[in-house]
Structures are given as C-alpha cells and as structure tokens.
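Below is one structure, written out as structure tokens; comments come after it.
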Amino acid sequence: MISTPLALKLCGFLYIFILITNAASVGLGNRTGETDSEAMLASISENPSRYRMGVIVAIASHLGIVAITGTLFVAFSQFNRQLALIGSVSRLGEALAMIYGEVTVLKLIDLAREYAFADSNKESLRLLGDQILRTKNTGVDLGLLLLSIGAIAYCISFVQSGAMPSMIAWLGLAAGILSAIGILIKLASGFNALAVIGMVLMMVFEVTFGGWLLLFSHAYVRRELAQ
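The opening position of the sequence shown corresponds to residue 159 in our numbering, with each subsequent residue numbered one higher.
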C-alpha cells in the first residue's frame, strides 16, 4: 500500500522549500564554487548584512534537507527499508556537510571588515579567505555526492516498486548516477563539466519530483489503491 497523501505532500513541500531558499541564498550573494577570496571579501564588505542573511537562508534550506530525510523515510520506507535508510542517511550527511560549510563562511564577514581597513597584512587575510572558501567548496562537493547517493538509493526503490511514475524515477536515477560520477571525477582531477551536467539534471529531477509530490501524488495514490 502506498504511503499517505499527507506524507507525500509534505515531502513535496520540503523539496520546493529547499529549492526556493537555496535560490534566494544565491541571490543574496552566498554563491557556491567561489575561489577568488579577494573579490569575495570586497563584495561582502559592501553589504555584510545581506551576505549574512544569505548564509542564514542557506542554513534554513539545509535544515529543510534534515527534515526531508525523515519525511522521505516515512513516506517510502515501506517499499524497501534498506534503500530508504541508505537514502535518508546520505541526505542527512549532505545536510550536515552543507551546514558546516555555511557556518565556516560566516567568518568571511569579520574577515572582510578587517580586509577593508588593513594596510600591511592584506595578503595573509586573502590567504585565510581562500582557505575558508576551499573548506566550504569541499563541503559542498561532499554534500552533493551524498545527495547523489541518496537519489540513487531512493530512485532504485521507486523503479522497483512503482511508487511513483517511472519517467520521474528513471530521471532521478540517471541524474544521481551521472552527478555522482561527475563529482568523483571533479574531486580526483578538478574536471567539473560532467558534475555540472549531472547537477543540472538533478535540479530538473527535484523540481519535477517535488511538483509531482505536491500537486499530483494524491491522484496517483487513489489510482494505485484502486488497482
């Protein structure tokens, strides 16, 4: 028997919440993949409150991931408990890695203030900024790898059980595999083109999956129960 419509809709809401808050964080200046700390520090010093709000919104987004680990397990563990456990634990690891990265970059706000008024030690401050950005980027890469593993685990369960439309399940499985391989290649060699393609597909999957859960899963549930 498929899980309750309420649990499915809560999953859908959380997917959309995570995507919207993540986009809002980027819009507030909290971008991922930054490597030029000099430019970053200059940008933050112009409006530190805006950047701080971007980080806070990002942390809220990652707390949404913590919540979705539970709702996904409640909604879908009945189909394959082992895969659901792997998927939810992976996504919890993703959230923790991302939150650690965001807490780390909060240090850039004070560093930007020091950098703006420094005369002689700008280079040492810049190097510290580079280190902070590397820490965040490593956390993001680890988090995205765990996201991919979580998507693979859940989507294998979806494909096997028919718990959701097969087109969405196969899209998520393909996106998870491609992004996981791409991130591993990026970590090993620095080549990130495949990871970018994989994460674009992952975003398409999450928008589609979240929208389906929120808007159409109730009809699918009724149809499955009627069979």
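For every residue, glycine included, the Cβ atom is placed at its ideal position computed from N, Cα and C.
| request: Take residue 165 and list the residues in its own chain whose beta-carbon comes closer than 7 angstroms to its own, dropping the five residues that flank it on each side. | output: 229, 232 and 233
_At the 8 angstroms Cβ level, is residue 206 part of the contact set with chain D, yes or no?_
No chain D appears in the structure shown, which is made up of a single protein chain.
Applying the criterion that 16 or more other CB atoms from any shown protein chain within 10 Å of the CB defines a buried residue, is residue 275 buried or exposed? exposed
**Prompt:** What separation, rounded to the nearest whole angstrom, lies between the Cα atoms of residue 342 and residue 236?
**Reply:** Rounded to the nearest angstrom, the two C-alpha atoms are 31 angstroms apart.
message: Looking only at its chain, what residues have a beta carbon closer than 6 angstroms to the beta carbon of residue 441, apart from the 5 residues adjacent to it on each side?
response: Nothing in the structure corresponds to residue 441, since the chain is present only between 159 and 385.
State the Cα-Cα distance for the pair residue 313 and residue 270, rounded to the nearest angstrom.
-> Distance between the alpha carbons of residue 313 and residue 270 is about 43 angstroms.
*Please list the segments of the alpha helix (DSSP H) lying wholly inside the region 317 to 385, counting only runs of 4 or more residues, in order along the chain.*
324 to 347, 351 to 373 and 375 to 384
Practice task
Just mark residue 239 as buried or exposed, buried being the case when its beta carbon has 16 or more other beta carbons within 10 Å.
Solution key: exposed
Next item on the list: Could you tell me which of 193, 190, 185 and 198 sits nearest to residue 211, measuring between CA atoms?
Entry: 185
Review point. Taking the alpha carbon of residue 319 as the point to measure from, which residue in 226, 242, 299 and 282 has its own alpha carbon closest?
Key: Of the candidates 226, 242, 299 and 282, the one whose C-alpha sits nearest the C-alpha of residue 319 is 242.
Cβ neighbours of residue 349 in the same chain (closer than 6 angstroms, five flanking residues each side left out)
343
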